[in-house]
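Numbering (the working numbering), first residue to last: 17 to 1038.
Backbone N, C-alpha and C fix where the C-beta goes; we use that ideal spot for every residue, glycine too.
Since the model is a prediction, treat every value here as computed from it, not as a measurement.
Just below is one structure, and these are the notes that go with it.
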């Protein structure tokens, strides 16, 4: 066996078709295999087209394999939906097949990309399956934007904004647009990372582009039917293994002797003893003994059912695909769930030889009941139960959350921590979303090399959200209702002239020139009511106090763009693109901005003799400029009406909180990229390396100004942020035989981010504030985007913690950098093993270098539930018992035991310090109470983790099994997502436990446990 240049092909497979009998060629390309006349031999090797030969009477067979051009010329979807050969691209692009997203499903489909694409960092708040996702490509670049990419669905931009999120004082994650997509409808996902890849999308593509292509019926001849069913069960992943199980309710080592609700969330009592008992919050007497699993038993086993039925049909002139799907989710949080129904029709029709019309309509309905409250929200069930003492069974809260009259019953003496059973059974919230994404497109071919494309697309949805608190709810004693309604519509109209001509066998030119008009309108209404009149009626008109708010958002961008792509000898490729946008949100002098890019690639192996080691080699480089504008109404005064009137007349007001700025300029992002694509050992090993540099200037951000101006801020252009990094993708076939194969894929990305400068009057910009200890997430000059700042513990020159004479820690007075909420590097390792019809795939997802401020851990130390609070208790309680027996006052007593803070005490003066080891015993309860309001430092943890993100085991049933049944293919698989945390330094909490998807990452508080899922898929095609 040899190649076209007569070089032998060692290690190739020779298979006797219809059997498992096979052999491999030797170093000379020779083989030996017994075969009867009339048998068929199948010759195959990676990178070549398989060939079948019928055995005759000859003893020797000579076979020449032809290189598989498609193996070297992978076709990918690029900007504007243009399909290109991957080898011709001068920039990095990643493409993931829809099957990789649909096998181990996530309700929010983008989460299935986690760990699969280098340079793409995906995180999810702990809001559960109905929550939003945060996707960052090659680092954070914007201070006031959300840093997330533009999403394109079949050429139509999709709005992915979050209707609401949690912050310092709590809130709800109201999800995003990606949860509307059915994974079974997706053909592929392309990630355009760099500026050159995304420049044709203009101002909205400064943070990259994710293009999602849905399935069509183009490859179907006749009528086809496909059913896909999926069931998964969800269980708690993160556990509270680092909670102490020695001491129970109480304070200062004293057991409450009567009903004392204030001690429910305090575990500073005496040592647990089943022979003791105490009265809990509702007066019942319970044993003072350890209750195993006293927290996690609150959560249930969740489940998700997804069913998709698709019909496809087609011939040489038309094709159509129609699908319907139904998804029902029951979350691990009681009474929380989500339902989604989708209908999709995608069709193409040829009208004669010159006109092709295609279009799509995707209609989605979503319903979510009782999204969990997050962060410091009073009815955050996670925050309520994580502080429960180890002798207290959370199930006792279900027995008496309301009295015999139906009124709320206090359980902890804290109105800001509502009984979780009142939250889930009496309070309620729900949301409804109806969405239509679609387009109509016509292509007219003037000649074989010149054509015109006209397209109109829309993304339209209504989102309605209600949140109800019944009478008697703490903080909302008279009852409260909130109603939110969002109507969002974006329309895009596009014309594109296409030129594609092969001038000679060695030279071609492809060019596109066109324009786009984008119009976006968003209408938001908010109504709130308090003081319910008639119980049982949830309507704003049934409340004594009512308020209403209304907002209108309109924006238009007109664009012209073009691209020229050339190739010579299938070796040299150059792309040039240009786009100009005119935005309605900027002033006439500044509203036009130009985005050029140039990229090129060089397939250098085409100039080399064929090598058995290096099969393919390409160098690539690109440079581009992209950018962004701002929200509407930043240039002039806007007006509104107040919620009250004067003398019966409504009062008008200036709505702006920021000084308008007519001189605002667009944000600019300059990117450079260099890379190589190398393939070795007849394409058995593939290596892709990329280096990129990205600089973003003229940030649009608010400058804080004196309140005497009548405004809070002034909008200015300022700041420079850089991102530099490397990306690696390594793919290799470890074993390849006719019956068994083992492939390994590794991706790795490292990003170095720096806030180079802000403004002469602004040296730091707050991205988010923490609830406790005055901590915050900041962007500071000279630092990484997203630093965690707060007051540090005072330390001596050797780094030892300084304590005062009372033995308690001393805190600094200035905000200092304590960590950062962004990762240094990310990686994904995938192993795929196949054996005959079986396939096993495992993905390990790794992130390293970020930090997180766990306020849940701070609360656990304050409440005495953390294992760290055990040290010194027995000694302090024994000392106190001796003091009481001696009749001494605390001031007259020298403790004989307790907690000794690790560090030093200054026995000198501030001017002439003399640091000596700290030996003072203190009450551990008093020691750990110091931190919650003073310093976050002890509770900032390394957020590095490694997870078994995905595991699938599948089997494709042989067609012979179906006999004469009209089944074309069938498969079954067992799947798992987020199965194990393989490595983590964070106690009790999943390192991914953020409570929002904003720029202020690195804060965790009252997290609901993360979920692991496992289940099965069934796919049948007729």
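When you compare each of 696, 778, 703 to residue 630 by their alpha carbons, which one comes out closest?
Closest option to residue 630, Cα to Cα, is 696.
Short of 6 Å in beta carbon distance, which residues of its chain neighbour residue 763, apart from the five on each side in sequence? Order them along the chain.
Excluding positions up to five away in sequence, the list reads 134, 745, 844.
Would you say the stretch 681–690 touches the stretch 631–651, given that touching needs at least three Cβ pairs under 8 Å?
Yes, since at least three Cβ pairs between the stretch 681–690 and the stretch 631–651 fall closer than 8 Å, the two stretches touch.
Cβ atoms of residue 850 and residue 949: under 7 Å apart, would you say?
Cβ distance not < 7 Å, so residue 949 and residue 850 don't count as in contact.
Run the CB neighbour count on residue 610, radius 10 Å, all protein chains shown included, and call it buried at 16 or more, exposed below.
Residue 610 comes out exposed.
Can you check whether the C-beta of residue 908 is within less than 7 Å of a C-beta belonging to chain C?
This model lacks chain C altogether; it includes just one protein chain.
Measuring CA to CA, which of 694, 179, 333 is closest to residue 504?
Of the listed residues, the one whose Cα sits closest to residue 504 is 179.
Would you report the Cα separation of residue 552 and residue 381, rounded to the nearest angstrom?
Distance between the alpha carbons of residue 552 and residue 381: 27 Å.
For residue 86, which residues of its own chain have a beta-carbon under 7 Å away from its beta-carbon, when the five flanking residues on both sides are left out?
Bear in mind that a pLDDT of 46 at residue 86, under 50, signals an unreliable position, so the number given afterwards is only what the model happens to contain. Within the same chain, residue 86 has no close Cβ partners at all.
To the nearest angstrom, how far is it from the Cα of residue 263 to the Cα of residue 781?
One C-alpha to the other measures close to 43 Å.
Less than 7 Å between C-beta atoms, sequence neighbours within five positions excluded: which residues of the same chain meet that for residue 778?
Closer than 7 Å at Cβ, skipping near neighbours: 719, 734.
Using CA coordinates, which residue listed in 648, 998, 530 is at the minimum distance from residue 672?
Measuring from the Cα of residue 672, the nearest candidate turns out to be 648.
So the alpha helix (DSSP H) residue 889 belongs to, where does it begin and stop?
First-last of the alpha helix (DSSP H) with residue 889: 889–902.
Does the contact criterion of 3 or more C-beta pairs under 8 Å hold for the stretch 863–873 versus the stretch 1014–1028?
Yes, since at least three Cβ pairs between the stretch 863–873 and the stretch 1014–1028 fall closer than 8 Å, the two stretches touch.
Judging by CA-CA distance, which residue of 479, 444, 490 is the nearest neighbour of residue 429?
Cα-wise, what sits closest to residue 429 is 490.
I'd like to check one pair, residue 592 with residue 614: are the Cβ atoms closer than 7 Å?
In this structure, residue 592 lies closer than 7 Å to residue 614 by Cβ.
Do residue 783 and residue 953 have their CB atoms nearer than 7 Å?
The answer is no: Cβ separation not under 7 Å.
Distance check for residue 887 and residue 185, CA to CA, integer angstroms please.
So the alpha carbons of these two residues sit roughly 32 Å apart.
Threshold first: 3 residues or longer. Then list the beta strand (DSSP E) segments lying entirely within the stretch 194–265, N to C.
Counting only runs of 3 or more, we get 202–208, 225–230, 238–252.
Taking just the CA atoms, how far does residue 1036 sit from residue 375?
Their backbone Cα atoms lie some 27 Å apart in a straight line.
When you compare each of 878, 761, 405, 492 to residue 750 by their alpha carbons, which one comes out closest?
The shortest Cα separation from residue 750 among 878, 761, 405, 492 belongs to 761.
Within the same chain, show all residues whose beta-carbon is closer than 6 Å to that of residue 414, passing over the 5 residues directly before and after it, in chain order.
Within the same chain, residue 414 has close Cβ partners 437.
What would DSSP say about residue 86, mapped onto helix, strand or coil?
Its pLDDT being 46, under 50, residue 86 is placed unreliably by the model, and nothing is read from it.
Could you tell me the alpha carbon to alpha carbon distance between residue 31 and residue 704, rounded to whole angstroms?
Rounded to the nearest angstrom, the two C-alpha atoms are 32 Å apart.
Straight-line CA distance for residue 1030 to residue 397?
Each residue's Cα considered, the two are about 25 Å apart.
Looking at residue 316: is its Cβ nearer than 7 Å to the Cβ of residue 350?
Going by C-beta atoms, residue 316 is nearer than 7 Å to residue 350.
Assuming residue 329 and residue 233 form a contact by the criterion Cβ under 8 Å, report the distance between their Cβ atoms to the nearest whole angstrom.
Their Cβ separation, rounded to whole angstroms, is 6 Å, which keeps residue 329 and residue 233 in contact under 8 Å.
Spatial neighbours of residue 171 within its chain, please: CB distance less than 7 Å, with the 5 preceding and 5 following residues excluded, ordered by chain position.
Excluding positions up to five away in sequence, the list reads 97, 455, 471, 473.
What three-state label does DSSP hand residue 906 in the structure shown?
If DSSP states are grouped into helix, strand and coil, residue 906 belongs with the helices.
How is residue 121 classed by DSSP in three states: helix, strand or coil?
If DSSP states are grouped into helix, strand and coil, residue 121 belongs with coil.
Let me check one thing: in DSSP terms, what residues is residue 501 bridge-paired to?
Paired residues: 480, 541.
Could you tell me whether the Cβ atoms of residue 290 and residue 272 are closer together than 7 Å?
It is not a contact, given that the beta carbons lie outside the stated cut-off.
Which residues in the same chain have their Cβ closer than 6 Å to the Cβ of residue 848, if we skip the five residues on either side of it in sequence?
Taken in chain order, the residues that qualify are 759, 857.
Between which residues of its own chain and residue 826 is the CB-CB distance below 7 Å, once the five residues before and five after are set aside?
The answer, listed in chain order, is 810, 818, 819, 820.
Any idea what DSSP makes of residue 960, helix, strand or coil?
In the structure shown, residue 960 sits in coil (DSSP, three-state: anything other than H, G, I, E or B).
Excluding the 5 residues preceding and the 5 following residue 681 in the sequence, name in chain order all residues of the same chain whose CB lies nearer than 6 Å to its CB.
606, 714, 733.
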